[in-house]
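Heads up, the sequence shown is in my numbering, so the first residue is 14 and it goes up one at a time.
Let me begin by presenting the structure, written as structure tokens, before commenting on it.
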Amino acid sequence: MLTIGAFAKASRLTPKALRLYDELDLLRPARVDPDTGYRYYAAGQLERARLVAWLRRLGMPLARIREVCALPPPDAAREIRAYWAWVEAETAERRDLAGFLIAHLTAPPRRDPTMTTLRLRYAAHSDRGLVRPANQDTAYAGDRLLAVADGYGPAGGPASTAVVETLKTLERTAEIPAGDVLNLLEAAVQDAALAVRDVSADEEEAGSTLTAMLWTGSSLALVHIGDSRAYLLRDGGLFRITHDHTVVQSLIDEGRLTPEEATSHPQRALLVNSVTGTAPATPDLRLHDARPGDRYLLCSDGLSAVVPDARIRALLSAEPSPEEAVRALVAAAIDAGGPDNVSGVVADVVEVPGVG
Ligand code: MG
14 MLTIGAFAKA SRLTPKALRL YDELDLLRPA RVDPDTGYRY YAAGQLERAR
64 LVAWLRRLGM PLARIREVCA LPPPDAAREI RAYWAWVEAE TAERRDLAGF
114 LIAHLTAPPR RDPTMTTLRL RYAAHSDRGL VRPANQDTAY AGDRLLAVAD
164 GYGPAGGPAS TAVVETLKTL ERTAEIPAGD VLNLLEAAVQ DAALAVRDVS
214 ADEEEAGSTL TAMLWTGSSL ALVHIGDSRA YLLRDGGLFR ITHDHTVVQS
264 LIDEGRLTPE EATSHPQRAL LVNSVTGTAP ATPDLRLHDA RPGDRYLLCS
314 DGLSAVVPDA RIRALLSAEP SPEEAVRALV AAAIDAGGPD NVSGVVADVV
364 EVPGVG
């Protein structure tokens with residue numbers, strides 16, 4: 014048996030840390046003297062003490078450390094890998110936000126001497142596909158709002174329509190300062206959930222995805238919930254800018270499934286997050302700085318599930334107008350069997366003469 018002092022020295026932890034681990038139930042002493050309260054440790058506990066210290070340095074939450082320490086080494090290793098994959102995904106998201114904020118705060122006022130202003134040029138298209146009896150998708154594009162919603166359940170069609178109609182009220186808001194736009198979008202999604210509740214009052218399990226962008230004049234505010242997607246074609250590269258809220262994506266994030274395995278997973282369409290009338294919606298929200306030449310695609314999973322990214326990139330790059338691009342993409346999904354409703358919105362950021 015080692016005294017707490019000797020154990021601290023051997024494990025390179027402080028007695029204070031060891032007392033804390035004891036209180037947190039991460040590492041109990043092997044014996045506590047009933048008279049003095051003095052803690053004693055077994056030499057065999059050194060390994061666990063070091064593991065706890067390393068995991069704390071990694072930033073792992075205490076509850077999860079407790080779980081990891083209880084696992085045999087191969088399972089503990091898998092848990093750590095899953096935790097780290099999650100940290101990296103989380104960090105990437107925050108890095109994007111930080112990048113946007115830095116650009117936003119340092120950018121000179123966007124009014125150049127040629128007096129040009131940015132606008133959207135857009136087109137939307139939706140098709141029932143070849144298999145489904147009805148089209149429950151809703152696609153919309155206007156001067157300020159782009160939206161795709163994919164309804165499910167008995168009232169899926171009315172649900173996706175209600176969601177997009179609710180978002181359209183933002184188009185009528187006079188001027189939206191970039192600083193307020195995310196709050197407005199978040200509030201609109203909560204309103205959309207109430208609208209879904211109204212249309213699905215007597216039905217069970219009706220809901221909708223929503224992937225939408227609201228134009229502020231210099232940036233696009235993205236709101237996203239579910240497994241519809243947004244892509245950006247910039248400088249010839251295609252970037253997916255949304256994260257699917259699906260069971261399968263969660264498994265990929267946790268390192269339990271590879272993206273290749275996901276494409277054939279039986280539960281690949283199971284959502285973990287959507288706009289429903291039964292729970293508050295928790296959308297992803299972020300701002301994208303618009304650049305002339307950018308082309309955005311919003312689409313339902315009926316497109317992204319059957320048209321590979323490389324084909325999406327090729328069609329978006331080749332087709333000159335948003336109208337031709339969105340028609341070509343929907344046609345590609347139909348050619349691939351059209352197993353689901355297919356919807357897309359394509360929008361270009363263009364520079365036009367005149368003061369904005
Ligand atoms: Mg769908």
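Even glycine gets a Cβ: it sits at the ideal position worked out from N, Cα and C.
Cβ of residue i versus every heavy atom of the ligand MG: is any distance shorter than 7 Å?
i, result
"residue 257", "no"
"residue 286", "no"
"residue 163", "yes"
"residue 57", "no"
"residue 221", "no"
"residue 354", "yes"
"residue 317", "no"
"residue 313", "yes"
Would you kindly work out how many angstroms separate the C-alpha atoms of residue i and residue j, rounded to a whole number?
i, j, result
"residue 306", "residue 227", "18 Å"
"residue 96", "residue 82", "14 Å"
"residue 322", "residue 328", "10 Å"
"residue 347", "residue 339", "13 Å"
"residue 63", "residue 36", "17 Å"
"residue 262", "residue 138", "27 Å"
"residue 21", "residue 111", "40 Å"
"residue 60", "residue 73", "18 Å"
"residue 334", "residue 200", "33 Å"
"residue 13", "residue 76", "Any question about residue 13 goes unanswered here, given that the chain covers just 14 to 369."
"residue 302", "residue 232", "4 Å"
"residue 274", "residue 319", "15 Å"
"residue 369", "residue 258", "Since pLDDT at residue 369 reaches only 47, below the 50 mark, its modelled position is unreliable, and the value read off the structure follows with that caveat. Each residue's Cα considered, the two are about 36 Å apart."
"residue 29", "residue 17", "10 Å"
"residue 116", "residue 299", "14 Å"
"residue 92", "residue 266", "12 Å"
Tell me whether the beta-carbon of residue i lies closer than 8 Å to the beta-carbon of residue j.
i, j, result
"residue 222", "residue 240", "yes"
"residue 315", "residue 354", "yes"
"residue 210", "residue 268", "no"
"residue 179", "residue 147", "no"
"residue 149", "residue 140", "no"
"residue 225", "residue 357", "no"
"residue 134", "residue 343", "no"
"residue 249", "residue 317", "no"
"residue 70", "residue 39", "no"
Am I right that residue i and residue j are in contact with their C-beta atoms under 8 Å? What's the rounded C-beta distance?
i, j, result
"residue 297", "residue 255", "7 Å"
"residue 183", "residue 195", "Actually they are not in contact, since the Cβ atoms of residue 183 and residue 195 sit about 12 Å apart, beyond 8 Å."
"residue 213", "residue 219", "3 Å"
"residue 260", "residue 245", "Residue 260 to residue 245, Cβ: 26 Å. No contact."
Would you say residue i reaches chain B, if we count a Cβ-Cβ gap shorter than 8 Å as a contact?
i, result
"residue 31", "Looking at the structure shown, chain B is missing, and only one protein chain is on hand."
Original post:
For the stretch 242 to 307, which segments carrying the beta strand (DSSP E) assignment without a break, of at least 3 residues, lie completely within its bounds, in sequence order?
Top reply: For the beta strand (DSSP E) assignment, the uninterrupted runs of no fewer than 3 residues enclosed by the stretch 242 to 307 are, from N- to C-terminal side, 242 to 247, 250 to 253, 297 to 302.
Original post:
Hey, which unbroken runs of the alpha helix (DSSP H) at 4 residues or more fall wholly within the stretch 154 to 187?
Top reply: DSSP runs (the alpha helix (DSSP H)) wholly in the stretch 154 to 187: 169 to 181.
Original post:
Can you list, in chain order, the stretches of the alpha helix (DSSP H) that have 4 or more residues and sit fully within the stretch 78 to 145?
Top reply: You should have 86 to 119.
Original post:
For the stretch 21 to 56, which segments carrying the beta strand (DSSP E) assignment without a break, of at least 3 residues, lie completely within its bounds, in sequence order?
Top reply: Secondary structure remark: continuous beta strand (DSSP E) runs of at least 3 residues inside the stretch 21 to 56, in chain order: 52 to 54.
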